[in-house]
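Here the structure is laid out as structure tokens; the discussion comes afterwards.
There are 2 protein chains.
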Amino acid sequence: MTSYIAPTKDQQFLLQEVLKVSASDIPGYAELDPDFTAAVLGESGRLASEVMAPLNAVGDKEGCSLENGVVRTPTGFKKAFDQLKEGGWAGVDMPEQYGGQNMPAVMGSAVNEHFLAANQALSMYHGLTHGAASAILAHGTEAQKDTYLPNLVSCEWTGTMNLTEPHCGTDLGLMRTKAEVNKNGSFAVTGQKIFISSGEHDMAENIIHLVLAKIPGGPDGIKGVTLFIVPKFLVNEDGSLGVRNNLSCGAIEEKMGIHGNSTCVMNYDGATGYVLGETHKGMRAMFTMMNEARLGVGMQGLGQASIAYQNAVIYAKDRLQGRDVTGIKNPDGPADPLIVHPDIRRSLMDQKSFIEGARAFILWGSSLFDQSQRQGDTNADGLLSLLTPVVKGFLTDQGYAMTVQAQQVYGGHGYIEEWGMSQFTRDARIAMIYEGANGVQALDLVGRKLGQDGGKHAIAFFEIVKDFCKNNPELPEFVEPLKQASKDLQAAMMYFMQNGIKDPNNALAGSNDFMHMFGHVCLGLMWAQMAKAAQSALDNGTADTEFYETKLGTGRYYMARQLPATGLHLARITSGAKSVMELDASAF
Amino acid sequence: MTSYIAPTKDQQFLLQEVLKVSASDIPGYAELDPDFTAAVLGESGRLASEVMAPLNAVGDKEGCSLENGVVRTPTGFKKAFDQLKEGGWAGVDMPEQYGGQNMPAVMGSAVNEHFLAANQALSMYHGLTHGAASAILAHGTEAQKDTYLPNLVSCEWTGTMNLTEPHCGTDLGLMRTKAEVNKNGSFAVTGQKIFISSGEHDMAENIIHLVLAKIPGGPDGIKGVTLFIVPKFLVNEDGSLGVRNNLSCGAIEEKMGIHGNSTCVMNYDGATGYVLGETHKGMRAMFTMMNEARLGVGMQGLGQASIAYQNAVIYAKDRLQGRDVTGIKNPDGPADPLIVHPDIRRSLMDQKSFIEGARAFILWGSSLFDQSQRQGDTNADGLLSLLTPVVKGFLTDQGYAMTVQAQQVYGGHGYIEEWGMSQFTRDARIAMIYEGANGVQALDLVGRKLGQDGGKHAIAFFEIVKDFCKNNPELPEFVEPLKQASKDLQAAMMYFMQNGIKDPNNALAGSNDFMHMFGHVCLGLMWAQMAKAAQSALDNGTADTEFYETKLGTGRYYMARQLPATGLHLARITSGAKSVMELDASAF
Chain C
1 MTSYIAPTKD QQFLLQEVLK VSASDIPGYA ELDPDFTAAV LGESGRLASE VMAPLNAVGD
61 KEGCSLENGV VRTPTGFKKA FDQLKEGGWA GVDMPEQYGG QNMPAVMGSA VNEHFLAANQ
121 ALSMYHGLTH GAASAILAHG TEAQKDTYLP NLVSCEWTGT MNLTEPHCGT DLGLMRTKAE
181 VNKNGSFAVT GQKIFISSGE HDMAENIIHL VLAKIPGGPD GIKGVTLFIV PKFLVNEDGS
241 LGVRNNLSCG AIEEKMGIHG NSTCVMNYDG ATGYVLGETH KGMRAMFTMM NEARLGVGMQ
301 GLGQASIAYQ NAVIYAKDRL QGRDVTGIKN PDGPADPLIV HPDIRRSLMD QKSFIEGARA
361 FILWGSSLFD QSQRQGDTNA DGLLSLLTPV VKGFLTDQGY AMTVQAQQVY GGHGYIEEWG
421 MSQFTRDARI AMIYEGANGV QALDLVGRKL GQDGGKHAIA FFEIVKDFCK NNPELPEFVE
481 PLKQASKDLQ AAMMYFMQNG IKDPNNALAG SNDFMHMFGH VCLGLMWAQM AKAAQSALDN
541 GTADTEFYET KLGTGRYYMA RQLPATGLHL ARITSGAKSV MELDASAF
Chain W
1001 MTSYIAPTKD QQFLLQEVLK VSASDIPGYA ELDPDFTAAV LGESGRLASE VMAPLNAVGD
1061 KEGCSLENGV VRTPTGFKKA FDQLKEGGWA GVDMPEQYGG QNMPAVMGSA VNEHFLAANQ
1121 ALSMYHGLTH GAASAILAHG TEAQKDTYLP NLVSCEWTGT MNLTEPHCGT DLGLMRTKAE
1181 VNKNGSFAVT GQKIFISSGE HDMAENIIHL VLAKIPGGPD GIKGVTLFIV PKFLVNEDGS
1241 LGVRNNLSCG AIEEKMGIHG NSTCVMNYDG ATGYVLGETH KGMRAMFTMM NEARLGVGMQ
1301 GLGQASIAYQ NAVIYAKDRL QGRDVTGIKN PDGPADPLIV HPDIRRSLMD QKSFIEGARA
1361 FILWGSSLFD QSQRQGDTNA DGLLSLLTPV VKGFLTDQGY AMTVQAQQVY GGHGYIEEWG
1421 MSQFTRDARI AMIYEGANGV QALDLVGRKL GQDGGKHAIA FFEIVKDFCK NNPELPEFVE
1481 PLKQASKDLQ AAMMYFMQNG IKDPNNALAG SNDFMHMFGH VCLGLMWAQM AKAAQSALDN
1541 GTADTEFYET KLGTGRYYMA RQLPATGLHL ARITSGAKSV MELDASAF
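Chains C and W, in that order, are what the protein sequence lines are.
Mapping of the first sequence onto the numbering used here: residues 1 to 588, in sequence order.
Mapping of the second sequence onto the numbering used here: residues 1001 to 1588, in sequence order.
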């Protein structure tokens, strides 16, 4: 019952008028002229709308099944995955050397939004493959790259990441999976991994598992962890598939959502594995994949909010219920459409202003990635590192809240499965949990990223905000609230510095609030930048006044109704850790 | 995998030390001495924990099925329902004349929390029966009362409420179900009703449907609506069951949650119905049931948050992950329990402080109901009428948010169905929707209740807050934040008065925020009252210092970290309707 239209116009605005990609000196950006980006987004949008979105409910209803070690994906998933492969979509931003199209990450992200919104469960199969390819690209030997990358970039093979075990998720130092060296220098990997997305399925001829394990005799805890490439089928020297490796899917989980993606218990029984990167430095290699995955999961928050919003708008315009208190709007009908009612508007504006701000935020993050990767800009890399937990944590918390609001627009029809809104909520829920639960993101932000490199990336962020405000006094509706919110954020940081030394809990008890206020300031900055671009188009006599006026109006809503949340977060943070920590564990 | 322990100690504290029921002059309260209430709550708690809670996951997994017009409930539901009947639990607060135990509503509520927390889907069968009985008690003829009440009070028969049709939910004036008078004075009811909870099932020998319909020739819209008693089996003069009525269950819905409750499409094909109350005044009669149901749904928000919290606490104490940054707490184990981590504490404190505040709020509301019903106190009735949308809307929005937080404590284990946390979230989601979606509650609050009787009930509420603050200056940690929050709420009301006249959208665009800030002030007041009672017990040398110190600590958390939300809501409200309403519908 649901539908999806790719937000290409909004993406074009962001790419060409806000980020101004074709005028950028980042290598590869010059090719991103408006016609080119429109053509690419048009095609990926079509695939998302016409092929992937119609399978979303099918995947939810059928789920995956495991029989005799074989996992079957839902009807139509393989055919859609084949179309994705044929279009080369999985390798949009991968090097040409390995069969990719070598576009910047900013385009990879824009395309990925379409797929993740249209069908999150299906998109996870190639999303994780991309992550595995990135890890091998960054840390693999030339031989490993040649062996695995062409087939991962094309999605002939897929990839996974194996971290979690039954007794450990966040605390990977507790890991029990072990890897013992074989005579030929490879390793025998033994252990059980759980919650492995796309761990086993019927859509690709091989699956390349990246598995964290401990080599006996190595350092204790997280410092003794090594990352291994553990293929489902070993690969012969000529590139053909060799023997089946000693690994199997023991079970698939029943979950709240993303039923179309197989979440597997994976058993490794002396499976042959090859060290990726250096021994005992597995976390460094895994973090290449994990950081990418965290940005991708932030995109899932945006994606589900976006498709849910689109459908809520359709329903709000279609469903007749009650009358506009300021005067009948649909005199020929028995009632006015839901969208006339102020609280429905309030909800739709919450959603719309979040979605468009989040879209800008992720594309900005992707452009920082491009600066880092293509220009070797370590400042961009550091800033992205600071923003990664905000993208992941804030966008998935808020994305979920907005998806729930979209579901709410449907009333009772939102709760029954027939209309499809429940699935968006159930699917969106996972994004707050995997790739590091959002509490872990907040901890990473406050406990690690904020002070990284002497705090210079946080300072750089505030400089960006300050410069924008200084240079754009003609936009007071945007600049003034942004200044206030940024001031709140700085005050929170100051509180952490002054009080976290006495007791680190004074900082950590405020970590969730800090992540959220940071997210709001980022979206406030995005809205200010978008407002500037929109105002500029209007000043230059654009014919499409409706688009730009709408952009300004949506931005004003965010500044008036969402950004002031920073004040509440600050109040909570500065109330300190005492009320959070004073009770004995026995008192709960 | 989940468990439930009834919060009897906390309820005893509220009944005996905060509401001081046994010292109250409300008729029936004198009997509520501590031993009596402890005995009642002990028994209902036992039934909830030992019989109903273990069936919660069974109900979710099996759901209900419809075959040849017969709806089967999940394994064990009927047996548990029989135990509920045998214990007389459905009629706890019903008149003795009809087989009830005639306890005050405050006890009915306390008992009901146990059942709704332990198994919401199962409890809805008797919950709606209670509502139908209340409507017949208030609006039925003596003959109707004699015919239906004994069997409804005992739950030999169950009841339903039939309002929604496919094209209308909130806007009942659009209703198409019609009722034409028969020769014998009864009516023939024809039409389709949807989303009928407990509409058909195998747990009772008769089902008494209360159905809204229009008598042709009556007034248009909502003023032409009449409420009918439409039994599944007609009742003979001697009380025995007669012919099967012309009504049937056409389908049961697949839903996000509450799978154990049958949500039915009900078809009435000239079914025999009897007017309940007056013709064309059906909404008045239905509102007796609906107001009761709204308080019950608010209790569902509390109930799911409460059971989810209990299980989150167990997991947080059990799951070892990471180390306390201020010093190792579990040196003999491989890691410390989750509960040492500040953000886990923050989440548990959010939950705990909400749950205990909400519990106090609902019991206060129930005591207002008792004052109204047992003492004819119209002021109490008016105040409860004002608070009803707050109980329903705020407690279900927040209850859902807290259930999601409890699920989050489990990380990935919260997302898979095996652990049971997902069900709490899925079940809790409905409470924000049914009995009037929360946007409708906010509209009812701001558009109707606030100004009712010249605004005197709102004024009375502020007087209660003011008196408490004036009389308890020795509790500044509670009184000062409460004063500020109450000031914010009054400022919002003032804004509505000054700006709503120019444009009602200035009020309605802030309705959701107002409902939430009102809820926070109510919980702030509850916490202040609880703090006073706790402080008094400590001053009087109680032996159980841990309980009362914990109560004070939990209250301080609410005042420091939750109550300041009123400032954000006020900022949103006073930003006015412009940013909410300015976009054309086409711009979404």
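Even for Gly, the Cβ is constructed at its ideal location relative to N, Cα and C.
In this text the structure is predicted, and so the values were computed from the model without any measurement.
Beta carbon of residue i nearer than 8 Å to that of residue j
| i | j | result |
| --- | --- | --- |
| Met283(C) | Val225(C) | yes |
| Thr1554(W) | Lys1352(W) | yes |
| Leu116(C) | Thr160(C) | no |
| Ile1430(W) | Tyr415(C) | yes |
| Val211(C) | Tyr434(C) | no |
| Val58(C) | Pro74(C) | yes |
| Leu1363(W) | Val1106(W) | yes |
| Ala1285(W) | Ala1135(W) | yes |
| Val189(C) | Ala213(C) | yes |
| Ala509(C) | Gly301(C) | no |
| Ala308(C) | Met421(C) | yes |
| Met1203(W) | Ala1118(W) | no |
| Ser1385(W) | Gln1452(W) | yes |
| Glu1200(W) | Glu1156(W) | no |
Minimum C-alpha distance to residue i - residue among the options
| i | options | result |
| --- | --- | --- |
| Asn1291(W) | Lys1449(W), Asp1318(W), His1209(W) and Lys1255(W) | Lys1449(W) |
| Glu1086(W) | Tyr1495(W), Leu1047(W) and Ile1229(W) | Leu1047(W) |
| Asp1082(W) | Gln1120(W), His1126(W) and Val1181(W) | His1126(W) |
| Asn1505(W) | Gly1365(W), Thr1542(W), Ile1573(W) and Gln1535(W) | Ile1573(W) |
| Val580(C) | Arg1346(W), Trp1527(W) and Gln1192(W) | Arg1346(W) |
| Thr177(C) | Pro337(C), Leu234(C) and Leu247(C) | Leu247(C) |
| Leu55(C) | Asn184(C), Asn261(C), Pro216(C) and Phe228(C) | Asn261(C) |
| His516(C) | Gly567(C), Lys281(C) and Ala531(C) | Gly567(C) |
| Lys1532(W) | Gly1191(W), Leu1019(W) and Ile1307(W) | Leu1019(W) |
| Lys317(C) | Ala335(C), Asn438(C), Ile307(C) and Thr326(C) | Ala335(C) |
| Met289(C) | Phe228(C), Ile258(C), Glu113(C) and Leu241(C) | Phe228(C) |
| Pro1095(W) | Val1153(W), Glu1062(W), Tyr1148(W) and Ser1536(W) | Val1153(W) |
Burial state of residue i (16 or more Cβ within 10 Å)
| i | result |
| --- | --- |
| Gly454(C) | exposed |
| Thr141(C) | exposed |
| Ala80(C) | buried |
| Gln1321(W) | buried |
| His230(C) | Inspection of the sequence shows that residue 230(C) is occupied by Val rather than by His. Val230(C) comes out buried. |
| Ile1344(W) | buried |
| Gly946(W) | Beyond the ends of chain W as shown, which are 1001 and 1588, falls residue 946(W); an answer cannot be given. |
| Asp1093(W) | buried |
| Ala90(C) | buried |
| Ala39(C) | exposed |
| Ser1575(W) | buried |
Strand pairing of residue i, partner residues [DSSP]
| i | result |
| --- | --- |
| Tyr274(C) | Ile229(C) |
| Phe187(C) | Val181(C) and Gly273(C) |
| Ser65(C) | Arg72(C) |
| Pro1054(W) | Paired residue(s): none; Pro1054(W) is not in a bridge. |
| Pro337(C) | Leu320(C) |
| Lys255(C) | Ile1416(W) |
| Leu1241(W) | Val1235(W) |
| Asn1267(W) | Gln1192(W) and Ser1248(W) |
| Val1211(W) | Asn1162(W) and Phe1228(W) |
beta-carbon residue i near the ligand SAH non-hydrogen atom, thresh 7 Å
| i | result |
| --- | --- |
| Phe1077(W) | Only the bare structure without any ligand can be found here, which leaves the ligand SAH out of the picture. |
- Could I get the ranges of all uninterrupted beta strand (DSSP E) runs contained in the region 122 to 205 of chain C, with 3 residues as the minimum, in chain order? 157 to 162, 178 to 181 and 187 to 197
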